[in-house]
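Colleague:
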Amino acid sequence: MATIADVARAAGVSPSTVSYVLSGKRTISEGTRLRVERSIRELGYHPNAGARALASSRTSVLALVAPLRKDLNVPVVMQFVGGALERARAHRHDLLLLTEDEGADGLRRVASSALADAIIVMDVEASEPRVPVLRALPLPSVLIGVPDDASGLTCVDLDFGAAGALCVERLADLGHREVALIGPAPSVYERGTSYAKRFLAGFTGAARVRGVRATALRCPPNYDGVRECLDATPDSATALVVHNEAVLGAVLAELARRGRQVPGDVSVLAVCPRDMAETQVVPISSVDLPGAELGALAVDLALGASRSGVRLVEPVLTERATTARVRG
DNA sequence: ATACCGATCTTTTGCCTTGA
DNA sequence: TCAAGGCAAAAGATCGGTAT
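All letters in the first sequence, in the order written, are residues 1290 to 1617 by the working numbering.
#1: Between which two residues does the beta strand (DSSP E) carrying C1561 extend?
#2: Is there contact between the region 1371-1391 and the region 1348-1363, where contact requires at least three CB pairs shorter than 8 angstroms?
#3: Judging by CA-CA distance, which residue of H1532, A1400, R1546 is the nearest neighbour of A1566?
#4: From the DSSP output, which residues share a beta bridge with R1600?
#5: Compute the beta-carbon to beta-carbon distance between I1573 and T1611, rounded to the nearest angstrom, for a pair I have assumed lies under 8 angstroms.
#6: What does DSSP give as the partner residue(s) for L1455 in the beta ladder?
#7: In the DSSP assignment, the beta strand (DSSP E) including T1504 goes from what residue to what residue?
#8: Count the other CB atoms within 10 Å of the CB of R1419; is the residue buried (16 or more) or exposed (fewer)?
#9: Can you name the residues that DSSP bridges to E1414?
#10: Might you give, ordered along the chain, the residues of its own chain that have their beta carbon closer than 6 angstroms to the beta carbon of P1417, omitting 5 neighbours on each side?
#11: Within the same chain, show all residues whose beta-carbon is closer than 8 angstroms to that of A1405, passing over the 5 residues directly before and after it, in chain order.
#12: Contact between the region 1483-1499 and the region 1517-1527 is defined here as three or more beta-carbon pairs at a separation below 8 angstroms; is this criterion met?
#13: Are L1583 and V1445 touching if we call contact CB-CB under 8 angstroms?
#14: Would you mind working out which of L1332, E1479, M1411, V1363 sits nearest R1298, comparing C-alpha positions?
#15: For S1574, report the span of its beta strand (DSSP E) as first-last.
#16: Taking DSSP as the reference, what is the three-state secondary structure of E1467?
#17: Would you list the residues sitting across from S1430 in a DSSP beta bridge?
#18: What's the C-alpha gap between P1304 and V1296?
#19: Quick one, which of G1441, S1346, A1415, R1341 has its alpha-carbon nearest R1596's?
#20: Kindly indicate the opening and closing residues of the alpha helix (DSSP H) around V1540.
#21: To the nearest angstrom, report how far apart D1577 and C1561 are at their CA atoms.
#22: Helix, strand or coil: how does DSSP classify T1316 here?
#23: Could you check what DSSP says for L1357 in three-state terms: helix, strand or coil?
#24: Between V1570 and L1541, how many whole angstroms is the CB-CB distance? I'm expecting something under 8 angstroms.
#25: So does the region 1333-1341 actually touch the region 1451-1468, counting three or more Cβ pairs closer than 8 angstroms?
#26: For A1469, which residues of its own chain have a beta-carbon under 6 angstroms away from its beta-carbon, when the five flanking residues on both sides are left out?
#27: Check for me: the beta strand (DSSP E) holding V1530 runs from which residue to which?
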C-alpha cells in the first residue's frame, strides 16, 4: 500500500506538501500540484484513515444509532439510513450504523473511544434517558425525534403533532364525523416513543376542536392485530388513519375481505413514505413520512456548526384513491 | 518474570527557511 | 515582503528491547 511518503518521493516533494495538496489548506503552485496529483493516481494512493484520525482528531465517520426493534418497520428505518448515508458521502464521511440498543453506554462508548465525529440518534423517547448524556457529550449530536425536554439539543423530525391534526382536519373537511386511528404497536406507546405520542396528541386535539368523534387504537404488527383493531373500530367510523406502515397492506386486505369498499364505505389515510403509499393495491392518500430527507438533514446538522434547536418538517398530505367525501 | 522505556506506524499542521 | 514548500512535533496503540 502506497503511503504519503511514497507519493512525496515520486513527486519530488515532502509529505507535508502532499498533505496540503490533498486538503487544499494552503496554496501550492500549479506545477507541484499536478505532479503530486499524478503520483497519487499512478500509485493508487488513499490516505490511511487510522493515521489521519490520529493526526487530525477527526475520523470522517458519523455514528447513526438506529435500533432495529421488532415493532419498528425496518424498510422505513432504512429510508432514514439511506438518506443519511447519501448525504454523509456528499460530505466525504462514512456512516457507522449501531443497530443494537446500547442506551447511554453506547453513546459514551462511541464518544470516549473517538469512533466518530458526531452522533445521530433515532428512536427517541419522550422522557429520553439518553438526554443528559447527549447534552454532556464532547462531540456534536443530532436527534431524529423530539424528547419532551429538548433544551440544549439539536433535534429534527416530521411535525407529527401537525400531521395528526392535518389528517383529522382533512377528513373533517370531507364531512367525516367519526374517525379511528390505527396507531403503532402497544410497545411503541409503552416505550414513550416521541413520534407516536405527538401524533396521537395532534390527532385527538384536532378531533376535539373539530367535533369529530375519535377512537385511538394500538395495532400489533401482525394480521391478528389488524383484525382486532378493525373489530374494535366503531361501525359508525367512516375513516381510518393508519399510522403504522407495517400493517397498511393488511388493513386494506382485511377491509376488502370484510366487503368494505375503500373509499366508498370507509376512507383510509396513511402516514408513510411516499413510495409505500404509491405502491399499494390502490394508491393510498397519505401524509408523507420523508425519511430520507430527515436523515440527510440530520447529517447536515451534525456536520455543520449548527446551533441547538428543534427543526420540524411541515407535513404534506396528498390525496390519492383512498379518501372521499362522506356519502349523503 | 515483571516493569518500564522508547521506537514505530502515517498523517496533519504550526513554524521556519528559501528564493525571487 | 511574499509565495512556496520543507521540517519536526504530535497524535495513541503496540511491540521489541532493556533493566530490575
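We put the CB at the ideal spot given by N, CA and C, even for glycine.
Modeller: With the structure as the only source:
#1: Where C1561 is concerned, the enclosing beta strand (DSSP E) stretches over 1556-1561.
#2: Output reads yes: the region 1348-1363 touches the region 1371-1391.
#3: When H1532, A1400, R1546 are compared, the shortest CA-CA separation from A1566 is found for H1532.
#4: Answer by DSSP bridge pairing, in chain order: V1445.
#5: That pair is a contact at about 5 angstroms.
#6: DSSP, once it has assigned bridges, lists no residue as partnering L1455.
#7: Counted as a single uninterrupted DSSP element, the beta strand (DSSP E) harbouring T1504 occupies residues 1502-1507.
#8: It counts as buried.
#9: Checking the DSSP bridge columns, you'll see E1414 partnered with T1482.
#10: The question names Pro, yet the displayed sequence has Glu at residue 1417. Beyond the five residues adjoining it in sequence on each side, E1417 comes within less than 6 angstroms, by CB distance, of P1436 in the same chain, given in chain order.
#11: Same-chain partners within the cutoff: T1348, V1350, L1351, A1352, L1385, V1399, L1428.
#12: No: fewer than three Cβ pairs fall under 8 angstroms.
#13: Contact: yes.
#14: R1298 has its Cα closest to that of L1332, out of L1332, E1479, M1411, V1363.
#15: 1574-1577 is the extent of the beta strand (DSSP E) around S1574.
#16: Strand, per DSSP.
#17: As a beta-bridge residue in DSSP terms, S1430 pairs with I1408.
#18: Take the alpha-carbon of P1304 and the one of V1296: they are about 8 angstroms apart.
#19: For R1596, the nearest C-alpha among the options comes from G1441.
#20: Element bounds for V1540: 1537-1546.
#21: Each residue's CA atom was taken as its position, placing D1577 and C1561 some 6 angstroms apart.
#22: Correct three-state label for T1316: coil.
#23: Coil, per DSSP.
#24: The beta carbons of V1570 and L1541 sit about 6 angstroms from each other, so the pair counts as a contact at 8 angstroms.
#25: By the Cβ criterion, the region 1333-1341 is not in contact with the region 1451-1468, since fewer than three pairs of Cβ atoms, one from each stretch, lie closer than 8 angstroms.
#26: T1504, T1522, A1526, L1529, listed in sequence order.
#27: Where V1530 is concerned, the enclosing beta strand (DSSP E) stretches over 1528-1531.
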